[in-house]
Structure formats: structure tokens, C-alpha cells
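S.K.: In terms of numbering that gives the first Met the number 0, the sequence shown opens at residue 0 and continues consecutively. The beta-carbon is built from N, C-alpha and C at its ideal position, and this holds for glycine as well. Note that the structure is predicted; figures quoted are calculated from it, not measured.
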Amino acid sequence: MNYILFSFVTFVLMMSVIILGFIQVINYLKTIDPEYNGDKAEVLEKGEFEKLDIRLIEDLNGWIEIVDENNQVIFTKGNVIEKKERYTEEEVKALTFNARSQYSIDTSTFKGKDNKEYVYIVKTPKDDEDSDEDDEKLEENIVDLGKGIGRYILVFIILFVINVLFFSFLMMRKIKKPLEKIKTGMKEISEGNEEIYLEYKGEKEFADICSSFNSMVKKLNEAEEEKKKLEESKQKMLADISHDLKTPITTIQGYSEAISQGVITSPQEVNKYLNVIYQKSNNITELIDLLFQYVKMNHPDFKLNKENNDISEFMREIIAEYYEEIEDKGFLIEFEIPEESMYCIFDKTQLKRAVSNLISNAIKYNDQGTTMRIELSESEHGHRIYVGDNGIGIPDELKEAIFNPFVRGDEARSSTGGTGLGLSITKQIIDKHNGTIYLVDDKCKGFKTVFKIWIPK
Ligand code: ADP
């Protein structure tokens with residue numbers, strides 16, 4: 000609005016200056032051409048000779064005559080020095096070439112309203128001094144014209160500057176208040192005030208800035224919160240790792256000390272202790288391997304090795320690999336994998352690790368007689384993989400955080416020695432494929448634990 004108003008006022012100013020300048024030039028033209036008279040032709044044609052404006056001719060001590068077609072002078076006006084009633088034909092012809100005459104004579108013809116031809120004669124006394132005066136007058140007029148136009152330009156500049164200052168002041172008033180608010184907000188946030196909220200109702204642009212500022216503050220707070228959580232989870236992870244490493248290492252230390260100091264002597268006992276040591280060192284290796292895998296995946300430089308693969312064939316290969324183990328454990332297996340090839344871009348090694356984690360968990364945590372179901376289907380933009388079982392199910396208290404590292408059930412903690420890293424690695428892999436994985440809340444087709452994976456095509 001301000002810009003439009005400003006432009007409009009400037010335009011009006013400019014137009015006024017141009018129009019006034021134009022008028023000045025016309026006036027000037029009138030002064031340099033004593034015969035100039037915008038209405039002369041019209042006045043003559045109408046025969047309203049009295050209305051003729053001959054002030055400039057009079058200034059030069061001249062007069063005008065109007066002669067009809069019979070060379071009869073029908074009208075005179077001005078300082079008539081030599082009155083003439085009529086002209087002879089020769090006199091009329093000689094009028095303009097009359098170098099010897101003491102007058103400067105100017106003639107022009109026009110048609111009157113009776114459609115007859117008339118002659119308009121301007122006579123001014125010839126006088127050298129006068130012509131010098133004329134020149135001086137002309138010069139004066141030019142100077143006056145220059146001064147006049149200069150004055151208009153000066154007035155224009157002054158008005159333009161006032162216009163600029165006025166609109167700057169208006170803008171300042173409008174801008175200052177919200178800017179102050181934003182400045183204070185910035186200052187407060189830099190001083191650590193997270194509660195700051197800018198309330199502003201007014202100019203749309205500033206209202207937008209304030210609302211962007213507010214959402215920025217909100218995002219900053221969320222990021223801060225996220226950072227805090229991440230820090231806490233890192234601390235928790237470190238504590239979990241130390242704990243998980245400490246337990247088997249303490250066992251290894253205690254058992255090996257007992258053997259080396261000869262506390263245990265019977266070969267059977269020694270063998271039993273050595274077996275435990277071996278098992279615990281295996282647990283440590285597994286934990287370190289998984290940890291390495293987890294950390295590697297979290298690194299920003301980690302890249303999947305994606306290729307266009309047949310996902311049906313891929314799933315069949317995994318099932319074939321686990322088939323014997325599943326059967327040995329006394330599980331029933333149902334699977335539904337389409338026979339035709341279905342192509343999709345994924346990292347074969349990593350996706351195999353992800354799906355294998357789900358299958359091996361089902362084998363590890365469930366008892367004989369459990370039915371396991373593996374399914375693959377195609378959706379509009381991707382593929383779905385279901386891995387489910389009707390076994391013991393995941394405890395409710397673990398469900399929400401099941402994909403976080405080191406989250407594991409009591410079963411895993413005590414007997415199987417699970418690390419709690421398997422599902423978090425699986426989730427990382429699916430995330431890297433821009434896919435989704437979740438644990439189905441309710442029983443799905445009678446299966447207690449069902450993981451659903453979706454991978455985009
Ligand atoms: P880990 O198996 O090393 O403990 P995971 O992250 O793979 O770690 O699994 C986390 C926990 O989820 C396990 O400790 C277990 O209690 C539970 N869990 C995972 N899959 C199943 C399943 N199919 N049936 C029952 N419990 C499961």
C-alpha cells in the first residue's frame with residue numbers, strides 16, 4: 000500500500016511539474032511570436048474580430064487590419080498610425096514585399112463565415128531601436144523561461160524529498176514496533192529464555208516473521224529436548240555396555256583365577272569351568288560385533304549397497320536357510336511368498352540381516368509347537384514383509400521401546416544372553432532403506448508377535 004501511495008504521489012508531482020512547465024513554454028512561445036494566438040483562426044473564421052487578442056502587437060505600437068475581397072478595410076484594431084479605407088489591387092499584392100514601407104507588414108488570408116476570402120494584415124512600425132529592444136526582450140524571455148522551469152524542478156525536488164521523508168517516517172513507525180519485538184525476542188533467546196513467544200497482530204509480513212520466529216523457538220526447544228534425550232540414551236547405552244561386558248568378564252576372571260590357583264582340581268570341573276569361560280567370551284564377541292554394527296550404521300558416512308533384486312527369491316533364500324533350524328525346534332511354519340519375481344531396490348546383505356534378526360528372535364524366544372508365519376506381498380509403492388509367531392509374545396512394558404538399543408526381556412537377560420541390539424539394528428537397516436517397521440499392537444490373524452516391514456520400491 001505504501002509503495003503504491005508513494006508512487007502515486009510521485010507521479011502526481013511529476014505530472015504537475017510537466018504540465019506547469021508546458022504552460023510556461025506555451026507562454027514563452029506566445030511572447031516570441033507576436034502573432035501567436037491559439038484562437039486567432041477560429042475568431043477570424045467566426046468574424047468575431049473584436050475578440051482578437053493583439054496585446055503583443057499593440058506592445059510593438061502596431062495594429063491590425065482586415066480587408067475583404069473588394070480590398071475594403073472592414074476592421075482595424077490597435078494603435079492605428081495610418082488609417083486606410085481601402086487598398087488597390089496592386090497595393091494588396093505589394094503588401095508583403097513592401098521593403099520601402101516604414102512598417103513591418105505581415106499578411107495572411109482566411110475564409111470568413113460567408114466563405115469569402117479576407118486578408119488579415121499586421122502592421123508594426125519599423126524601428127532599429129525597437130528591434131534591439133525586441134532582441135533584449137527575447138533574451139529576457141528565454142532567461143525567464145529557464146528560471147521558470149528551474150523553479151518547477153526545484154519545487155519538484157523539494158516536494159519529492161518531503162514525500163520520501165514522509166513515507167520513510169510512515170514506514171519507520173510501522174516497522175519500528177515489530178522490529179523492536181523481534182529484537183527483544185532474539186536477545187531473550189540468545190540469553191537462554193526458552194519460553195519466549197512473540198505476540199504480534201498487525202502488518203502481515205511482520206506477523207509472518209513473528210510466527211516463523213515462534214515456530215523456530217519451538218523447533219529449537221524440540222531440538223534441545225531431542226539432544227537431551229540423545230545424550231541420556233547415550234549415557235544409558237554406555238552404562239548398559241559396561242554392565243554387559245562386566246558380567247561375563249567377572250565370570251571369566253573368577254573362573255580362570257580358580258583354575259590357575261588350583262582351587263578346582265578335578266578334570267571334569269576344570270572342563271566345565273573352561274566351557275563357561277568359552278561361552279562367556281563368545282557372548283562378549285557377539286556383543287562387540289553387534290555394537291560395532293550398530294555404531295557403524297549410525298555413522299553419517301554409512302551407505303547401503305543397494306541393487307535391483309528379486310525380493311521373492313530373496314525371501315525364499317532366507318526361509319530355506321532357516322527351514323531346518325525351525326523344524327528342529329519343533330515349530331510349524333507357514334509362509335506365503337509369491338512365485339513370480341518381484342523387483343525392488345535394496346541392500347541384500349543388510350536386509351537379510353534385518354529379516355534374519357526377526358526370524359532368529361522368534362526361534363530363540365519361543366517354545367516347541369509355536370507356529371511361525373512369514374509373508375511377502377506387494378503394495379502400490381513398495382513391498383510388505385510380515386514375520387510373526389504365536390509364541391509367548393513381547394511383554395507389554397517392552398513394546399513401546401522395543402526398537403531402542405539394550406531393550407530386552409528377562410528371558411534374554413538371563414538365559415539366552417541376548418544383547419538387546421538385534422531389533423534396533425533391524426530398525427536402522429529399514430530406516431536406511433526409507434522404509435518402515437513396527438510391531439503390530441494387537442493380535443494379527445491369531446499371531447501374538449507380528450513385525451511389519453515396508454520397503455519402498
Ligand atoms: P536380543 O534378542 O538380543 O535381546 P532384540 O532387540 O532382538 O535383542 O530383542 C529385544 C527383546 O524383544 C528380546 O530380548 C525379547 O525379550 C523380545 N523379543 C523379540 N522378538 C521376540 C519374539 N518373537 N517373541 C518374544 N519376544 C521377543
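By the three-class DSSP mapping on this structure, what secondary structure does K200 have?
M.R.: By 1-based counting over the sequence shown, the position of residue 200 is 201. K200: coil per DSSP, three-state reduction.
S.K.: According to DSSP, simplified to helix, strand and coil, what is M0?
M.R.: In the sequence shown, counting from the first residue as 1, residue 0 sits at position 1. M0: coil per DSSP, three-state reduction.
S.K.: Under 7 Å Cβ to Cβ from I148, same chain only, skipping five residues before and after it: list those, please.
M.R.: Taking the first residue of the sequence shown as 1, we reach residue 148 at position 149. If we look at I148 and ignore the five residues flanking it on each side, its Cβ neighbours are G20, Q23.
S.K.: For E64, count neighbouring C-beta atoms within 10 Å of its own C-beta (all shown protein chains included) and say buried if the count is 16 or more, exposed if not.
M.R.: Here residue 64 corresponds to residue number 65 of the sequence shown, with the count starting at 1. Its Cβ being crowded by 16 or more others within 10 Å, E64 is buried.
S.K.: Determine the burial state of Q252: buried for a count of at least 16 other Cβ atoms within 10 Å of its Cβ, exposed for fewer.
M.R.: In the sequence shown, counting from the first residue as 1, residue 252 sits at position 253. The residue is exposed, with fewer than 16 neighbouring Cβ atoms inside 10 Å.
S.K.: Report the three-state DSSP secondary structure of E335 (helix, strand or coil).
M.R.: On the sequence shown, residue 335 is found 336 positions in, with the first residue counted as 1. In the structure shown, E335 sits in a strand (DSSP, three-state: E or B).
S.K.: Anything with a beta carbon under 5 Å from a heavy atom of ligand 1 counts; list them all in chain order.
M.R.: Working through the chain, the matches are N360, A361, Y364, I393, R407, G408, A411, G417, T418, G419, G421, L422, T448.
S.K.: Give the range of the beta strand (DSSP E) segment to which E457 is assigned.
M.R.: In the structure as shown, the chain begins at 0 and stops at 456. Residue 457 is therefore absent and cannot be evaluated.
S.K.: Can you find a heavy atom of ligand 2 that lies under 7 Å from the Cβ of Q101?
M.R.: Looking at this structure, you won't find ligand 2 anywhere; what it does contain is ligand 1.
S.K.: Beta carbon of F155, beta carbon of L4: below 8 Å?
M.R.: Start at 1 with the first residue of the sequence shown, and residue 155 comes out as number 156. Start at 1 with the first residue of the sequence shown, and residue 4 comes out as number 5. Going by C-beta atoms, F155 is not nearer than 8 Å to L4.
S.K.: Tell me the DSSP secondary structure of N162 in three-state form.
M.R.: Locating residue 162 in the sequence shown gives position 163, counting from the first residue. It is helical.
S.K.: Skipping 5 residues on each side, what residues in its chain have a beta carbon closer than 6 Å to that of L94?
M.R.: As a first step, residue 94 must be located in the sequence shown, where it is residue number 95. Cβ neighbours of L94 beyond the five flanking positions: I104, T106.
S.K.: Do H432 and I454 have their C-beta atoms closer together than 8 Å?
M.R.: By 1-based counting over the sequence shown, the position of residue 432 is 433. By 1-based counting over the sequence shown, the position of residue 454 is 455. A contact, by the Cβ cut-off of 8 Å.
S.K.: Sort A361, M314, D67, W62 by Cα distance to P124 and report the nearest one.
M.R.: Here residue 124 corresponds to residue number 125 of the sequence shown, with the count starting at 1. Checking every option, the nearest Cα to that of P124 belongs to W62.
S.K.: So the candidates are K92, Y27, S241; which of them puts its Cα closest to the Cα of V142?
M.R.: Translated into the one-based positions of the sequence shown, residue 142 becomes position 143. When each option's Cα is compared against that of V142, the closest is Y27.
S.K.: Compute the beta-carbon to beta-carbon distance between C343 and I310, rounded to the nearest angstrom, for a pair I have assumed lies under 8 Å.
M.R.: Residue mapping note: residue 343 aligns to position 344 of the sequence shown, counting from 1. Residue mapping note: residue 310 aligns to position 311 of the sequence shown, counting from 1. About 5 Å separates the two Cβ atoms, so the contact holds.
S.K.: Starting from the Cα of N69, find the closest Cα among E256, L422, D327, V118 and give me that residue.
M.R.: Position 70 of the sequence shown, counted from the start, is the residue given in the question as residue 69. Out of E256, L422, D327, V118, V118 has the C-alpha closest to the C-alpha of N69.
S.K.: Take every Cβ of the segment 226–236, pair it with every Cβ of the segment 257–265, and state whether three or more of those distances are shorter than 8 Å.
M.R.: These segments do not touch.
S.K.: Would DSSP call S232 helix, strand or coil?
M.R.: Counting from one through the sequence shown, the residue named residue 232 turns up at place 233. S232 falls in the helix class under three-state DSSP.
S.K.: Based on DSSP bridge pairs, tell me the residues matched to N308.
M.R.: The residue given as residue 308 occupies position 309 in the sequence shown. Its beta-bridge partners are C343.
S.K.: Nearest CA to the CA of N403: which residue from N308, V386, E138, I436?
M.R.: Position 404 of the sequence shown, counting from 1, holds the residue named residue 403. Ranking the options by Cα distance to N403, first place goes to I436.
S.K.: In the DSSP assignment, what are the bridge partners of S107?
M.R.: Along the sequence shown, one-based indexing puts residue 107 at 108. DSSP, once it has assigned bridges, lists Y119 as partnering S107.
S.K.: Identify the continuous alpha helix (DSSP H) that holds Y277 and give its terminal residues.
M.R.: Within the sequence shown, the letter at position 278 stands for residue 277. Run containing Y277: 266–297, per the alpha helix (DSSP H) assignment.
S.K.: Residues in the same chain with beta-carbon distance under 7 Å from I195, minus the five sequence neighbours each way, listed in chain order, please.
M.R.: As a working note, residue 195 is residue 196 in the sequence shown. So the qualifying residues of the chain are G184, E187, I188, V216.
S.K.: If you draw a straight line from the C-alpha of D409 to the C-alpha of G390, how long is it?
M.R.: Looking up residue 409 in the sequence shown gives position 410. Looking up residue 390 in the sequence shown gives position 391. Answer to the nearest angstrom: the Cα atoms are 16 Å apart.
S.K.: Between E193, D207, N1, which lies nearest to L219 when the distance is taken from Cα to Cα?
M.R.: Looking up residue 219 in the sequence shown gives position 220. For the residues E193, D207, N1, the minimum Cα distance to L219 belongs to E193.
S.K.: Between I428 and D366, what straight-line distance do the alpha-carbon atoms span, to the nearest angstrom?
M.R.: Here residue 428 refers to the residue found at position 429 when the sequence shown is read from its first residue. Here residue 366 refers to the residue found at position 367 when the sequence shown is read from its first residue. Roughly 28 Å separates the two Cα atoms.
S.K.: According to DSSP, is K245 helix, strand or coil?
M.R.: Along the sequence shown, one-based indexing puts residue 245 at 246. Helix.
S.K.: Among the candidates F345, I174, L244, A319, whose CA atom is the shortest distance from the CA of K305?
M.R.: Mapped onto the sequence shown, residue 305 falls at position 306. The option with the nearest alpha carbon to K305 is F345.
S.K.: For a quick check, are the C-beta atoms of D388 and A361 less than 8 Å apart?
M.R.: Here residue 388 refers to the residue found at position 389 when the sequence shown is read from its first residue. Here residue 361 refers to the residue found at position 362 when the sequence shown is read from its first residue. The answer is yes: Cβ separation under 8 Å.
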